[in-house]
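Participant:
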Amino acid sequence: MRMTGWLALGLGVSGAVLFTVVAAGATTETSQDAAALRGDADRGRVLFEAYTCYGCHGYTGETGFGPRLNPPRHDQAEFVQYLRNPRNPRRMPPYQQDDASDQKLADIFAYLTSLPSASPEAESIPLLQAILTGDENADNPPH
Ligand code: HEC
Numbered sequence: 011m012r013m014t015g016w017l018a019l020g021l022g023v024s025g026a027v028l029f030t031v032v033a034a035g036a037t038t039e040t041s042q043d044a045a046a047l048r049g050d051a052d053r054g055r056v057l058f059e060a061y062t063c064y065g066c067h068g069y070t071g072e073t074g075f076g077p078r079l080n081p082p083r084h085d086q087a088e089f090v091q092y093l094r095n096p097r098n099p100r101r102m103p104p105y106q107q108d109d110a111s112d113q114k115l116a117d118i119f120a121y122l123t124s125l126p127s128a129s130p131e132a133e134s135i136p137l138l139q140a141i142l143t144g145d146e147n148a149d150n151p152p153h
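The sequence shown lines up with residues 11 to 153 when you count with this note's numbering.
1) Smallest Cα separation from A45: which of L138, S134 and Q91?
2) Alpha carbon to alpha carbon, how far is P126 from P81?
3) Between which two residues does the alpha helix (DSSP H) carrying D117 extend?
4) Can you tell me whether D6 is buried or exposed, with buried defined as 16 or more other CB within 10 angstroms of its CB?
5) Taking the alpha carbon of L47 as the point to measure from, which residue in R100, T70 and A87 has its own alpha carbon closest?
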C-alpha cells in the first residue's frame, strides 16, 4: 500500500486526494482526531528546536529558506497531515508518527499559532507605503 501513496505523490495529485489515498492505505498512523488534540505551546517551542524546524524556518517561523510558518497557513489537521507527507520530501523532511506523535505536532502547531508576527505591517513602513500608493515623493506619514 505504501507504493500507492508514493505513486500518488509522483502524480502530483492535490492535497485532498493525497490525504484520502494515504488514509485509505493506512501508510501512516495519522489519527482522524488530529484536529481535536489540544497542543501545548511551551512543549511545542522545545520540540520546534529539538526537531530542528528552526534551522530551515527560523526561530519565529518567519525566516530561513523554508516558507513562513507564522502565521500558519494550515489548520491543525492539515498541518499534521502535511508533516507526515510533505509535497517535496527532499526539501522538507517528513516526520513520522513513531517519532513525532500527533500530540507533539499539535504542540508545535500551538507554538506557531502563539507566536506574534515580528514583521511590521506594510502600512507602517513609509517607503513601502509610498511604493504601494505610487507616491514615491510622499513625505513621512504624520503618525
Ligand atoms: C531541512 C530543512 C527543513 C526542516 C528541518 C523543516 N522544514 Fe518545513 N519546510 C522546508 C521547506 C524547504 C519547505 C517547502 C517545501 C516545498 O517546497 O514544498 C517546508 C515546508 C513546510 C511547511 C508547509 C508550509 C507551507 O506554507 O506550505 C510546514 C507547515 C513546515 N515546513 C513545518 C515544519 C516543521 C513544523 C518542522 C519541524 C518539525 C519543519 N518544517 C522542518 C524545510 C524544512
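Heads up, the beta-carbon is just placed ideally off N, CA and C, and yes, glycines get one too. Predicted, not measured: the structure shown is a model, and the values here were computed from it.
Facilitator: By the coordinates alone:
1) Taking the sequence shown and counting its residues from 1, the one referred to as residue 45 is at position 35. Measuring from the Cα of A45, the nearest candidate turns out to be Q91.
2) As a first step, residue 126 must be located in the sequence shown, where it is residue number 116. As a first step, residue 81 must be located in the sequence shown, where it is residue number 71. Distance from the CA atom of P126 to the CA atom of P81, rounded to whole angstroms, is 8 Å.
3) Looking up residue 117 in the sequence shown gives position 107. Bounds of the alpha helix (DSSP H) holding D117 are D112 to S124.
4) Absent from the structure is residue 6, since the part of the chain shown begins at 11 and ends at 153.
5) Counting from one through the sequence shown, the residue named residue 47 turns up at place 37. Of the candidates R100, T70 and A87, the one whose C-alpha sits nearest the C-alpha of L47 is A87.
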